[in-house]
Amino acid sequence: MRAVNSLKVFQSVLFIILIAIAAPSYSAATVQEAAKIAIEKNPDVLAKWYEFLAAGENVNAARAGYKPSVDGSVGYQYQKQDYGFIREYDGAYARLTLTQMLYDGSRTRSEVNRFSNFQLVAYFNLLETAENVALEAFRAYQDVLAQRKLVALAQNNLNKHFEVYRQIESSAKAGVAKLADLEQISGRVSLAQSNLITETSNLHDVTTRYLRIVGVLPSEVMNDVVIPDALPDTVSQALLQAYQVSPAYHAALRNIKAAEFAAQAEKSNFKPTVNLVGSYGFQNYSDIGVQTDQNEARVGIELKYNFYSGGRNSATLKRAYAEINLAQELRDQACLNIRQTIQVAYNDGSKLFEQLPLLNQHRLSSDKVRTAYKQQFDIGQRSLLDVLDSENEFFQASRAYLAANFSLSVANARTLAGMGSLLNTLGLASSTWPSLTDLGAEKLTVDPATACPAIDVYSSLQMDNDADNDSVKDAADYCPNTPETDKVDEKGCSIFTETMVNFTLDVKFGHNSSDISEQNLPDIANFAAFLQRYPNTNTEIQGHTSLQGASWYNDILSQQRADAVKELLVTKFGIDEGRIATKGYGSSQVLSKADTDAAHNLNRRIEAIVRAKDESSVRRGE
């Protein structure tokens, strides 16, 4: 991996950050602005930044092992001795020594790689801290925005109670309303006032927390948060993505790499070192004290090898291996923590997403109820208690729906932060932090088999049962046990198509007779079957005669014919007589006015028509 001078590469980034810190405070109108301000001002982020810079200098210090070392010494000494011709003398000396490492058992290379990976550990720790701070800023922003809306809800709830109070007070003064009603609304007004005070106090608390995290007060105008659809479809996909990009996980992976290179560096203790050494010296005295100028130049190759160190080299190598095992355990722990964080956050978001339509339906329904109750109360059809309870239910339903919306947004942000993707989603990563390419490093490809398994805990709990396999969970299924072939709606109920069906009964009679002939029985039986299939239908049996005979007689005869058919339907086929009406029309509605036998036979008849809606279920896939 290529070593990097982090101070040179990122001094411009540091300059931007320092300028931002020194800049005047301003409010954030968007969550992106709030997160950016929080990151720029947060002491933990800045501490990780300087830790990252220090790690970069450790790389430079390790790289110095490839370069020559030039040492100089100069001195002046006085020497007294009890031997030789000259027993006492003084003089000056100077020496310049150059040492170039030729071979050190790969210690320098291992140390450069070790500190380069430590630099990446610091880099990923910086990103992780920034992700966490961005999440806290996101949460603080949402808390303030949500609490402001809750205060508005509480204020509106109080205004509604004041409106009812003034109405009851006016009625009480007029002697229409009861004093007990006035006391009741007074108590409810006090409760609404208390709710407003509570929400206002909560707004103060979340604003104070926002100030601590972001460093400035929230803007008077705060925009609603819109997070792009950046979440994977399943929690398993979210986990696999987290293993590829999570700063916490990759910091643990780089820590293992650093420990492995540390072990390689310790192995160099068992290998020789070879240096090229050159020196040049001067002194103005000889070895026996004679005052004379002497110059000396040397150059050579020096080999060193340690034969025994008291067991120190073996101990440090064993320590390095133990630190590799430690780093691997820390990686596993980081993986488990990430898995838990994402599983909990993802599940929270999924369940809130499912709850939102239900909470919204409750809110809309309670709004309709309170409006209807108030209108009914105004005309005396509802009690005051009904009105107050409906107002309170709407307030609580609105509060629950609003809280769920904001909780869903925060849950999604928690998932993204756990995946290491929140900064990218907010559009802050590329403009704030260096990339791996800037650091001269390549992204590690993570084999999911080496990570903790991406297990979907919720699916293992079998809490989303769907007994009739209609894709609507049992908890939300209004129509359990629907046929597997039926297409269902969002409530799990079969979808039907309706068509109008008719059945016409036509029975002929002999001259001057109300007797039913055998040949008409099959038609009457079919008519009875139709009535039985559609039990919610009714019919009228209409009796008719020909033009022969007196009108008054024809009226009686036609009624007898209608009654005969009804009696047969009731006694033989079990049709409820309440579903059948009869009426004799005499000769008033003849089909033919001709004075022929054929016309007379055509007019001697019974007519009955039944209309019904025929429902048939829509099959799945249609």
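Residue numbering for the sequence shown follows this note's numbering, beginning at 1072 and increasing consecutively. Note that the Cβ used here is the ideal one computed from N, Cα and C, for glycine as well. This structure is a prediction, so every number in the text was calculated from the model and none was measured.
In whole angstroms, what is the alpha-carbon distance linking residue 1337 and residue 1328?
The straight-line gap separating the alpha-carbon atoms of residue 1337 and residue 1328 is approximately 14 Å.
8 Å Cβ cutoff met for residue 1266 and residue 1227
no
Using a 10 Å radius around the Cβ and a threshold of 16 neighbouring Cβ atoms, would you call residue 1120 buried or exposed?
Counting the other CB atoms within 10 Å of its CB gives residue 1120 a total of 16 or more, which places it among the buried residues.
Over what stretch of residues does the alpha helix (DSSP H) that includes residue 1272 continue unbroken?
Looking at the DSSP string, the run of the alpha helix (DSSP H) that includes residue 1272 is 1250-1285.
Where residue 1616 falls, given that 16 or more other Cβ within 10 Å makes a residue buried
buried
What is the C-beta distance between residue 1217 and residue 1500, in whole angstroms, given that I count them as a contact (C-beta under 8 Å)?
Residue 1217 to residue 1500, Cβ: 26 Å. No contact.
Nearest to residue 1405 by CA position, among 1596, 1196, 1279, is which residue?
The shortest C-alpha to C-alpha distance from residue 1405 to any of 1596, 1196, 1279 is the one to 1196.
Between which residues of its own chain and residue 1237 is the CB-CB distance below 6 Å, once the five residues before and five after are set aside?
Excluding positions up to five away in sequence, the list is empty.
Member of 1469, 1575, 1558 whose CA lies at the smallest distance from the CA of residue 1567
1558
Can you tell me where the beta strand (DSSP E) holding residue 1615 begins and where it ends?
That run of the beta strand (DSSP E) goes 1610-1615.
Close Cβ partners of residue 1634 (< 7 Å) along its chain, the five nearest in sequence each way excluded
1653
Residue 1555 (DSSP reduced to helix, strand or coil):
coil
Could you tell me whether the segment 1098-1117 touches the segment 1275-1285, using the rule of 3 or more Cβ pairs below 8 Å?
yes
Just checking my contact of residue 1644 with residue 1596 at CB under 8 Å: how many whole Å lie between their CB atoms?
Residue 1644 to residue 1596, Cβ: 7 Å. Contact.
With the cut-off set at 8 Å, would you say residue 1540 and residue 1561 are in Cβ contact?
Contact: no.
Report the rounded CA-to-CA distance for residue 1323 versus residue 1191, giving the unit in angstroms.
10 Å
Give, in chain order, every unbroken run of the beta strand (DSSP E) that is at least 3 residues long and sits entirely within the segment 1211-1247.
none
If you reduce the DSSP assignment to three classes, tell me which class residue 1491 lands in.
coil
Beta-carbon within less than 6 Å of residue 1580's beta-carbon, same chain only, minus the 5 sequence neighbours each way: which residues are those?
So the qualifying residues of the chain are 1632, 1675.
Residue 1549, enclosing alpha helix (DSSP H) - first and last residue
Here residue 1549 belongs to no alpha helix (DSSP H), and DSSP marks it neither H nor E.
Nearest-angstrom Cβ-Cβ length linking residue 1488 and residue 1203, presumed shorter than 8 Å
7 Å
Check this for me: beta carbons of residue 1602 and residue 1661, under 8 Å apart or not?
No.
Distance check for residue 1210 and residue 1729, CA to CA, integer angstroms please.
Because the chain here runs from 1072 to 1693, residue 1729 falls outside it and cannot be looked at.
Exposed or buried, what is residue 1155 when buried is set at 16 or more other beta-carbons lying within 10 Å of its beta-carbon?
With a 10 Å radius around the Cβ and a threshold of 16 neighbouring Cβ atoms, residue 1155 comes out exposed.
Give me the Cα-Cα distance between residue 1548 and residue 1425, rounded to the nearest whole angstrom.
Computed Cα separation, rounded: 13 Å.
Following the continuous beta strand (DSSP E) through residue 1377, name the residue where it begins and the one where it ends.
Here residue 1377 belongs to no beta strand (DSSP E), and DSSP marks it neither H nor E.
Spell out the partners DSSP gives residue 1680 in its beta bridges.
DSSP lists 1575 as partners of residue 1680.
The beta strand (DSSP E) spanning residue 1142 covers which residue range?
1140-1151
Any idea what DSSP makes of residue 1622, helix, strand or coil?
helix
Beta-carbon separation of residue 1170 and residue 1140 under 8 Å?
yes
Is the segment 1297-1307 touching the segment 1260-1275, taking contact as three or more C-beta pairs under 8 Å?
no
Run through DSSP, which three-state label would residue 1675 get?
Residue 1675: coil per DSSP, three-state reduction.
Here's the rule I'm using: 16 or more other beta-carbon atoms within 10 Å means buried, otherwise exposed. How should residue 1690 be labelled?
exposed
Taking the Cβ atom as the reference point for each residue, do residue 1122 and residue 1193 lie within a distance shorter than 8 Å?
yes
Would you tell me roughly how many angstroms separate the C-alpha atoms of residue 1490 and residue 1423, rounded to the nearest one?
20 Å
Can you have a look at residue 1442 and say buried or exposed, based on whether 16 or more other CB atoms are within 10 angstroms of its CB?
Exposed, since its Cβ has fewer than 16 Cβ neighbours within 10 Å.
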